[in-house]
Amino acid sequence: MKLLKYLFLFVFIIIAVMFFWYFTEDHRDAKGSTLVHSEADSLQDAPSYYIKIKGDRIIIYNKDHSVYEYTDLEPEFLPEDITLELERGIHFRNQEELYEFLETYSS
293 MKLLKYLFLF VFIIIAVMFF WYFTEDHRDA KGSTLVHSEA DSLQDAPSYY
343 IKIKGDRIII YNKDHSVYEY TDLEPEFLPE DITLELERGI HFRNQEELYE
393 FLETYSS
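Sequence positions in the sequence shown follow the working numbering and run 293 to 399.
So, in structure tokens, the structure goes:
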């Protein structure tokens, strides 16, 4: 009878430990995946821009391809390598990068 009591206690402890481990691991994954989703959502919501030559103008576009701003930069006064990049389009992750570029090449 004493052996049965210890066996029951041992099985109960094993089940309790497994139960605790399972739910602790499950909650940790749920929090981790929530964090990943919120980081991805914040990246999607973050503004980004690209700048491109269109005809004889340099235009800044939003990430949804709508016009953000028309610039006064004249392509013929820019270095050739920058002009080639602008023909393909240059991407900027935020306004700070965009304005840094514009300040560098404006007169």
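Just so you know, even glycine gets a beta-carbon here, dropped at the ideal spot from N, CA and C.
{"Check": "Runs of beta strand (DSSP E) lying entirely within the region 367-397, each at least 3 residues, in chain order", "Outcome": "382-384"}
{"Check": "Cα-Cα separation between residue 358 and residue 392, rounded to whole angstroms", "Outcome": "21 Å"}
{"Check": "DSSP state of residue 346 mapped onto helix, strand, coil", "Outcome": "strand"}
{"Check": "Environment of residue 305 [buried if 16+ CB atoms lie within 10 Å]", "Outcome": "exposed"}
{"Check": "Beta-bridge pairing of residue 353 - partner residues as DSSP gives them", "Outcome": "342, 359"}
{"Check": "Inter-stretch contact (C-beta, 8 Å, three-pair minimum) for the region 336-346 and the region 306-313", "Outcome": "no"}
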